[in-house]
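Visitor:
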Amino acid sequence: MAPTVDREHKGELQELKADLYDEKRTKSALKRMVAHASLAGTPLGAPNVSVLLPDVMHCLESPDVEMKKAVYMFLSALAAHNADAVTMAFNRMVRDVSSPNPLVRAIALRTLTSTRVEHMAGEMVEPVRVGLHDADPFVRKTAALSVAKVFDVSPEVVESGNLISELTELLGDANPHVVANAATALNEIRQRAPFSVLKLDMAAATKILAALNECTQWNQVALLDTLILFSPRSEKEAVTLLERVVPRLNHSNASVVMSAVKLMLYNLSFLRSEDTKKSFALKMAQPLCTLMSLPSDIQWTCLRNLKIILQKYPDVLATADVKTFFCKYNDPTFVKSEKVDIMIAMANSENVHQILSEFKEYCHDVDGEIARKAMQAVALCAINFESSVEFCIKIVLGVIEDKVPIVLQEAVVTVQTIFRKYPNRYESIISEVCSSLEEVDEPGAKAAIIWIIGEYSDRIEAAEEILEIFFETYKEEESQVQLALLTALSKLYLNIESDRSVDMLQELLGQTNDSVDDPDVRERALFYWRLLAGDLSVAREVVLAPKPPIESGDIIEGLDKQVEHILSKRIPFVSSVLLKRPSDFVTYRNLYACGKEFVDTGELEAELGADGGVESAAAETGNGVEAQGEAPKQDPAPVDLLGDLLSLDVPVPGQPQPTQVPMAAQVFPSSFSPVPEPTKAGFPSPLAQGFPDPAFQSPTQGFTQGFGQPQQAFPPQPSQSNNPFFD
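Heads up: take any position in the sequence shown, counting from 1, add 32, and you land on our numbering.
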């Protein structure tokens, strides 16, 4: 097909054509054409220089290597957006692959394989094969990358031509740059091939290790990434490899350091001696700390990966100075946030007070996000280290006194967390918390302060008045606040049984029945009403039962062992920064034909898992290929039944939250019949307030009509009791 005539730039094209035939201006014209070809398809309006391709081809007849190089640069730029136009130069490029000049051979081969035309892929195999066995290392390393480019166009051609096995042989090449390019090409092919591309033995690994010292920094990254495919057969082989990799930890390039760390983490799994394993792990501490002096974007990447490292080997930074990770005044928010997480992970009984002193300063940071993060970190320190609780409380009270709105919300939640971890020990600070009631406006903070008042309602004189404040906005509150208020009032009634508490609870249940649409809130209200309508001693055993303990917090939520195993071998790739498996957010287009159809696969994580020393990734990904769009399997969250009943709805820092289940259907069997306990007489019946009859048959029928067939969940027990919640 003839190229489209570019009338807008007709004059410029004629000028370029004339310059191509002028020996003095040919090189200048070619440089301009390379620039125009590179800008083709952009909004800058470059002229369509593809019409001058026949005029450019005659320049290849020149013996001038610089001119040939300029022509091939033009062809490469043109092939990026118009590969079909370059096919007319195909035969000429094949001829130059046999040129006596190695530079011309390499440039011709590189340009030839940049022509992404599938029907021409078969013609590229022989030139590439010749290049793989060329006497000049520059041609061989160019040919190594050419195999990956041809594979991307037509995988069948590469496999049928046996190019992958010939490419693998280059890993033993005498030239380190050839070895590095071969490793890069094999890694690229491995990610897209539906078959095993590369398996290393100790001999091949030794040759790659020998090439490390003579490679450029980026070639070292490629070689280190390739070595992770080698699985030591003995502890001795693992130690040998680790000793050869340790010097790379002191490299000035952060990518080399992180790739070395990744390789060391993988091979530590093959060591049986804990002392040897700890010795090698501690060698990573200082290099990782050194990375904190690099620009902020590199710091952030390293910090994200450091989370994975610390979860796999918590003692890696045991010898490091925690001050290395203190936030600087000019650190961006995203770096400060990650540094706070790392400081939490490094905290121990010896340095926790030093870390808390730093967090105290961050709580007053002008950046609200960092201030909140610091307060959450204080809560985690209080959970993890009992010796630091007094200091944590001082920090929290200082924040409450300052009444800075953003961090005040987190301070209230932190107080609730401390009360849940250490019950009946620090209730003397409740008055200070209640003094900030007017400034509390976030759902989580409101739910926390309501929980505190309900939990200690028997010790707070004005508990009824404080809880009544939330009545005005009850209908507009988030479900988290509504659930907390229902439970707090139930605790208040069971603790003091005053007339006012009964009236408040009945009013709240009435509002829930009339105005609240959230099914969880309505079910909670119904459950409490039925529970209170029976034996109050049973209700006390349920509602006022001891709280489940809070376990130690973790800096990485929801990162299970399988994901950790995969991500530890993906340092420092995007997946390790996002803390997700590669197949969870990207799929590689696999162009390899299986029968008559093409398939899409995720990255073949099974190859990385075939290590023999740790869990196989085949167990992590099923058959080793993640189906597109399929969600990763997660372990089911434990159901904290008692915690849900006690309105422990506020998330605890660093702990996964249990899934919410219908409480009424799980606390008691269907045969449960509460025995009413006589209480004070004269209370109005809840039926008079519009409550559902306790003889209704479906657990939710009284609140939400028409949901399925009625079932006898709680048979009523007739009684003449004057219990205000039983009629």
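For each residue, glycine too, the CB sits at the ideal point set by N, CA and C. As the structure is a prediction and not an experimental result, all values here were calculated from the model.
(1) CB of residue 111 to nearest heavy atom of the ligand GTP: below 7 Å?
(2) Measuring straight from C-alpha to C-alpha, what distance separates residue 340 and residue 598?
(3) Secondary structure at residue 449, three-state DSSP: helix, strand or coil?
(4) At 4 residues or longer, what runs of the alpha helix (DSSP H) sit wholly inside the stretch 429-512?
(5) Measuring straight from C-alpha to C-alpha, what distance separates residue 437 and residue 474?
(6) Quick one: what does DSSP say residue 285 is sitting in, helix, strand or coil?
(7) Can you give the Cα-Cα distance for residue 470 and residue 567, rounded to whole angstroms?
(8) In chain order, what residues of the same chain have a beta carbon less than 6 Å from the beta carbon of residue 323, not counting five sequence neighbours either side?
(9) Just to confirm, is the Cβ distance from residue 320 to residue 297 under 8 Å?
(10) What residue from 386, 249, 215, 444 has the CA that sits closest to residue 229's CA?
(11) Less than 8 Å between the CB atoms is what I'm expecting for residue 105 and residue 66, so what's the real figure, rounded?
(12) Along the chain, where does the alpha helix (DSSP H) that runs through residue 308 open and close?
(13) Taking buried to mean at least 16 other C-beta atoms within 10 Å of its own C-beta, is residue 68 buried or exposed?
(14) Beta carbon of residue 270, beta carbon of residue 219: below 8 Å?
(15) Helix, strand or coil for residue 360, going by three-state DSSP, please let me know.
(16) Just verifying my parser: in three-state terms, what is the DSSP assignment at residue 223?
(17) Taking C-beta to C-beta, are residue 532 and residue 544 nearer than 8 Å?
(18) Quick check: residue 405 and residue 369, are their CB atoms within less than 8 Å of each other?
(19) Between the stretch 165-173 and the stretch 184-192, do three or more beta carbon pairs fall short of 8 Å?
(20) Between the C-alpha atoms of residue 46 and residue 210, what's the straight-line distance to the nearest angstrom?
(21) In terms of residues, what are the limits of the alpha helix (DSSP H) holding residue 187?
(22) Could you check the C-alpha separation between residue 552 and residue 516 for me, to the nearest Å?
(23) Helix, strand or coil: which one does DSSP assign to residue 86?
(24) Buried or exposed, going by whether 16 or more other CB atoms sit within 10 Å of the CB of residue 354?
(25) Enumerate in chain order the residues of its own chain whose CB-to-CB distance from residue 182 is below 8 Å, with the five nearest sequence positions on each side excluded.
(26) Can you have a look at residue 640 and say buried or exposed, based on whether 16 or more other CB atoms are within 10 angstroms of its CB?
(27) DSSP on residue 145, reduced to helix/strand/coil?
(28) Quick check: what's the CA-CA separation for residue 231 versus residue 343?
(29) In whole angstroms, what is the alpha-carbon distance linking residue 768 and residue 613?
(30) With a CB to CB cut of under 6 Å and the five nearest residues on each side skipped, what residues in its chain are close to residue 336?
(31) Cα separation between residue 361 and residue 399?
(32) Figure out for me which residue from 582, 563, 452 has the closest Cα to the Cα of residue 573.
(33) Can you give the Cα-Cα distance for residue 299 and residue 276, rounded to whole angstroms?
(34) If I measure Cβ to Cβ from residue 481 and keep anything under 7 Å in the same chain, skipping five residues before and after, which residues do I get?
(35) Please look up how many angstroms separate the CB atoms of residue 499 and residue 524, rounded, as I've assumed it's under 8 Å.
(36) Specify the secondary structure class of residue 559 as computed by DSSP and reduced to three states.
Guide: Checking against the coordinates, here is how it stands:
(1) Among the components modelled here there is no ligand, and therefore nothing to report on the ligand GTP.
(2) Position 308 of the sequence shown, counted from the first residue, corresponds to residue 340. Position 566 of the sequence shown, counted from the first residue, corresponds to residue 598. Each residue's alpha carbon lies about 10 Å from the other.
(3) Here the question's residue 449 lines up with position 417 in the sequence shown. The answer is helix: DSSP assigns residue 449 an H, G or I state.
(4) 437-453, 462-466, 475-487, 495-500
(5) Along the sequence shown, one-based indexing puts residue 437 at 405. Along the sequence shown, one-based indexing puts residue 474 at 442. Whole-angstrom Cα-Cα distance: 10 Å.
(6) Against the sequence shown, residue 285 aligns to sequence position 253. Residue 285 falls in the coil class under three-state DSSP.
(7) The residue given as residue 470 occupies position 438 in the sequence shown. The residue given as residue 567 occupies position 535 in the sequence shown. Roughly 37 Å separates the two Cα atoms.
(8) If you number the sequence shown from 1, residue 323 lands on position 291. Only 286, 334 meet the Cβ criterion.
(9) Here the question's residue 320 lines up with position 288 in the sequence shown. Here the question's residue 297 lines up with position 265 in the sequence shown. Their beta carbons are not under 8 Å apart, which means residue 320 does not touch residue 297 by this criterion.
(10) Against the sequence shown, residue 229 aligns to sequence position 197. Checked all of 386, 249, 215, 444; the closest Cα to residue 229 is 215.
(11) Within the sequence shown, the letter at position 73 stands for residue 105. Within the sequence shown, the letter at position 34 stands for residue 66. Confirmed, Cβ separation roughly 5 Å.
(12) Here residue 308 is taken as the residue at index 276 of the sequence shown, counted from 1. Note, residue 308: alpha helix (DSSP H), 306-314.
(13) Reading the sequence shown from its first residue, position 36 is the one you call residue 68. Note on residue 68: 16 or more other CB atoms within 10 angstroms of its CB, so buried under the neighbour-count rule.
(14) Residue numbering aside, residue 270 sits at position 238 when the sequence shown is read from its first letter. Residue numbering aside, residue 219 sits at position 187 when the sequence shown is read from its first letter. Cβ atoms of residue 270 and residue 219: not closer than 8 Å.
(15) Looking up residue 360 in the sequence shown gives position 328. Note: residue 360 maps to coil in three-state DSSP.
(16) The residue you call residue 223 lines up with position 191 of the sequence shown. In the structure shown, residue 223 sits in coil (DSSP, three-state: anything other than H, G, I, E or B).
(17) Translated into positions along the sequence shown, residue 532 becomes position 500. Translated into positions along the sequence shown, residue 544 becomes position 512. In this structure, residue 544 does not lie closer than 8 Å to residue 532 by Cβ.
(18) For the purposes of this step, residue 405 is identified with residue 373 of the sequence shown, where counting begins at 1. For the purposes of this step, residue 369 is identified with residue 337 of the sequence shown, where counting begins at 1. It is a contact, given that the beta carbons lie within the stated cut-off.
(19) no
(20) On the sequence shown, position 14 is the one that residue 46 refers to. On the sequence shown, position 178 is the one that residue 210 refers to. The straight-line gap separating the alpha-carbon atoms of residue 46 and residue 210 is approximately 43 Å.
(21) The residue labelled residue 187 in the question sits at position 155 within the sequence shown. 187-192 is the extent of the alpha helix (DSSP H) around residue 187.
(22) Reading the sequence shown from its first residue, position 520 is the one you call residue 552. Reading the sequence shown from its first residue, position 484 is the one you call residue 516. Put simply, the backbone Cα of residue 552 is about 12 Å away from that of residue 516.
(23) Numbered from 1 along the sequence shown, position 54 holds the residue referred to as residue 86. Residue 86 falls in the helix class under three-state DSSP.
(24) Sequence index remark: in the sequence shown, residue 354 carries index 322 (1-based). Under this definition residue 354 is a buried residue.
(25) The residue labelled residue 182 in the question sits at position 150 within the sequence shown. For residue 182, where only same-chain residues beyond five positions count, the Cβ hits under 8 Å are 145, 153, 156, 157, 160, 189, 190, 195.
(26) One-based indexing of the sequence shown puts residue 640 at position 608. The predicted position of residue 640 is uncertain, since its pLDDT is 44 and thus under 50; a value taken from the coordinates is nonetheless stated next. Answer is buried; the Cβ neighbour count reaches 16.
(27) Here residue 145 refers to the residue found at position 113 of the sequence shown. Of the three classes helix, strand and coil, the one that applies to residue 145 here is helix, per DSSP.
(28) As a position in the sequence shown, residue 231 is number 199, starting the count at 1. As a position in the sequence shown, residue 343 is number 311, starting the count at 1. Approximately 28 Å, taken between the alpha carbons.
(29) Residue 768 lies beyond the residue range present for the chain, which begins at 33 and ends at 759; the question has no answer from this structure.
(30) Residue mapping note: residue 336 aligns to position 304 of the sequence shown, counting from 1. Exclusion of the five residues before and after residue 336 leaves 609 as the residues of its chain whose Cβ lies within less than 6 Å of its Cβ.
(31) Position 329 of the sequence shown holds residue 361. Position 367 of the sequence shown holds residue 399. Cα to Cα, residue 361 sits roughly 11 Å from residue 399.
(32) For this step, residue 573 is matched to residue 541 along the sequence shown. The residue with the shortest Cα to Cα distance from residue 573 is 563.
(33) Stepping through the sequence shown from its first residue, residue 299 is reached at position 267. Stepping through the sequence shown from its first residue, residue 276 is reached at position 244. Roughly 12 Å separates the two Cα atoms.
(34) Taking the sequence shown and counting its residues from 1, one reaches residue 481 at position 449. Closer than 7 Å at Cβ, skipping near neighbours: 444, 465, 469, 472.
(35) Here the question's residue 499 lines up with position 467 in the sequence shown. Here the question's residue 524 lines up with position 492 in the sequence shown. Correct: roughly 7 Å between the Cβ atoms.
(36) Translated into positions along the sequence shown, residue 559 becomes position 527. Residue 559 falls in the helix class under three-state DSSP.
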